[in-house]
Structure formats: structure tokens, C-alpha cells
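Using numbering that gives the first Met the number 0, read the sequence shown as starting at 0 and increasing by one per residue. Encoded as C-alpha cells, the structure appears first; notes follow it.
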Amino acid sequence: MTVEISPLSPAKAWLLSGYFAVSYVASLYTFRAGRLIFTAQQTEVGPNAERARASNERWRNDPATIRARLMGVSLSTVVSCLVFYGVVVTSGSWKWIDVEPLQKTLSLLGFTRITQVPLGAWVLVPVMYAGPLYVQLLDQELPFQKYWSFKTSVAPIFDTWLGFRNIVAAPITEELVYRSCIVGAMKLSGASNFSMIFLSPLWFGAGMNLFGA
0 MTVEISPLSP AKAWLLSGYF AVSYVASLYT FRAGRLIFTA QQTEVGPNAE
50 RARASNERWR NDPATIRARL MGVSLSTVVS CLVFYGVVVT SGSWKWIDVE
100 PLQKTLSLLG FTRITQVPLG AWVLVPVMYA GPLYVQLLDQ ELPFQKYWSF
150 KTSVAPIFDT WLGFRNIVAA PITEELVYRS CIVGAMKLSG ASNFSMIFLS
200 PLWFGAGMNL FGA
């Protein structure tokens with residue numbers, strides 16, 4: 000049985016996108032350990048050097064801060080996906096336990112079979128990373144080059160909170176919220192490809208820059 004989906008209005012889609020963006024940034028400060036603390040009096044240690052740290056300060060790269068913030072954004076990401084699922088369910092007059100809205104939600108979020116991925120996507124990703132990879136090639140930092148080693152190049156990704164945040168957790172949660180949920184909402188509103196490609200990233204810029212995340 001085919002169910003007609005009632006499209007979101009552009010205004011509702013942008014409000015929903017705003018909720019996704021703002022809730023993600025707000026979640027960074029949900030737990031006390033995730034809130035940064037700086038003292039008014041700062042001691043300089045010299046030009047181009049990181050300033051001395053006071054004992055009562057809390058910085059963004061502290062392990063405890065990273066753990067708290069990852070917990071916050073993980074919960075926020077799950078909630079955003081559930082909210083989006085709820086929007087899909089209500090737009091199609093489905094029940095929460097139906098299979099069809101789950102399949103529709105996964106499709107709108109970008110979870111499709113490998114065989115359904117457009118050919119251009121397989122070309123775009125390598126092109127995007129060609130620059131950084133070329134720099135690493137020149138610096139001899141690619142796998143099995145002079146300055147690459149498993150201990151210094153791979154292990155820190157998994158055995159340090161900083162590496163796990165930068166390489167694993169942050170990219171996954173950011174893509175799910177700022178790409179999947181926001182673009183999914185715009186798809187439901189019938190937004191143009193131009194809007195989804197060039198306007199939806201503004202939410203990420205606003206969230207990460209204007210709110211100081």
C-alpha cells in the first residue's frame with residue numbers, strides 16, 4: 000500500500016533545520032564537564048606559544064571535557080534522528096511501528112544501498128581529498144612512507160580522546176545532524192538542489208562559528 004506524504008512547508012523545514020543545528024551546539028554544554036572555564040588573568044609565555052594554563056581552567060581538549068561533549072552530541076544526534084523519524088511518520092499518516100516510515104526515513108537521511116549511490120559520488124570524495132593527500136605525499140606522511148607509523152599515525156585515533164573526537168565521533172555526529180537530518184528536512188519540503196547544496200551548509204557555519212563551538 001502506497002502512502003502519500005504531505006510535504007513540509009519551506010518555513011517548517013527551516014525551523015526544523017534550525018532546531019537540529021541549535022540543539023547540536025547546545026548539547027556541547029549540557030553536562031557541566033563540557034563547559035569551558037577560563038580565568039580573567041592570563042600569563043603569557045612568549046610569542047607564538049600557548050599561554051600558561053591556570054589550575055582551575057577547563058579547556059576544550061581536556062579528556063573530561065571531550066567525554067562530556069561527546070556524550071551530549073551523541074544524545075542530541077539520536078534525538079534529532081528520532082524527531083526526523085516522527086516528522087516522516089506524521090507526514091505520511093503512518094504508525095510508529097510501521098516498516099515503511101523507517102525505510103523512508105533511512106532513505107531521506109541518505110542511507111541507501113551501495114548500488115544506488117550515483118557514480119559521481121564515487122568520484123567526488125577522492126577529488127575532495129586529493130589536496131590533503133598530495134600534501135601528505137610531499138611530507139612523506141602517507142602509509143609506509145618515511146614519517147608514517149602505526150604508533151603515531153593510527154593508534155592515537157583510537158587510544159586518545161582527542162583523536163577519537165576529531166577523526167571518528169565528531170565527523171559522524173556532524174554528518175548525521177548537519178547533512179542527513181537537515182538535508183532530509185529540505186527534501187521533505189521539496190527544496191531545490193541549489194538550496195540543499197549551497198544553503199543547508201549555512202546551518203553548520205552558523206552553529207560552529209556564531210555560537211562559538
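Note that CB positions come from ideal geometry on N, CA and C, so glycine has one too.
Cβ separation of residue i and residue j, assumed to be a contact under 8 Å, to the nearest whole Å
{"i": "proline 62", "j": "tryptophan 160", "result": "5 Å"}
{"i": "leucine 15", "j": "alanine 169", "result": "That pair is no contact at about 22 Å."}
{"i": "valine 87", "j": "threonine 76", "result": "That pair is no contact at about 17 Å."}
{"i": "phenylalanine 19", "j": "valine 176", "result": "5 Å"}
{"i": "phenylalanine 157", "j": "phenylalanine 149", "result": "So it is not a contact: roughly 11 Å between Cβ atoms."}
Residue i - DSSP class collapsed to helix/strand/coil
{"i": "isoleucine 65", "result": "helix"}
{"i": "arginine 34", "result": "coil"}
{"i": "arginine 57", "result": "strand"}
{"i": "threonine 159", "result": "coil"}
{"i": "tyrosine 84", "result": "helix"}
{"i": "tyrosine 146", "result": "coil"}
{"i": "glutamine 115", "result": "helix"}
{"i": "proline 100", "result": "helix"}
{"i": "serine 179", "result": "helix"}
{"i": "serine 11", "result": "Per the sequence presented here, residue 11 reads as lysine, with serine not at that position. Here lysine 11 sits in helix by DSSP."}
{"i": "phenylalanine 110", "result": "coil"}
{"i": "tryptophan 121", "result": "helix"}
{"i": "glycine 189", "result": "coil"}
{"i": "alanine 20", "result": "helix"}
Span separating the alpha-carbon of residue i from that of residue j
{"i": "proline 100", "j": "arginine 66", "result": "33 Å"}
{"i": "serine 79", "j": "alanine 205", "result": "18 Å"}
{"i": "serine 54", "j": "leucine 27", "result": "22 Å"}
{"i": "arginine 31", "j": "glutamate 56", "result": "13 Å"}
{"i": "arginine 52", "j": "isoleucine 96", "result": "52 Å"}
{"i": "proline 200", "j": "valine 98", "result": "31 Å"}
{"i": "alanine 12", "j": "aspartate 138", "result": "45 Å"}
{"i": "valine 21", "j": "leucine 7", "result": "20 Å"}
Candidates the options: closest to residue i by CA position
{"i": "leucine 107", "options": "Met195, Gly17, Ala205", "result": "Met195"}
{"i": "glycine 109", "options": "Arg178, Ala154, Val82", "result": "Arg178"}
{"i": "valine 167", "options": "Trp93, Val72, Phe149", "result": "Val72"}
{"i": "leucine 35", "options": "Val21, Val87, Arg59", "result": "Arg59"}
{"i": "tyrosine 23", "options": "Ser92, Leu74, Ile113", "result": "Leu74"}
{"i": "phenylalanine 83", "options": "Ser188, Arg112, Val126", "result": "Ser188"}
{"i": "leucine 69", "options": "Pro200, Thr172, Ala190", "result": "Thr172"}
{"i": "tyrosine 128", "options": "Leu118, Leu141, Pro117", "result": "Leu141"}
Residue i at chain B interface by Cβ criterion, 8 Å
{"i": "serine 54", "result": "This model lacks chain B altogether; it includes just one protein chain."}
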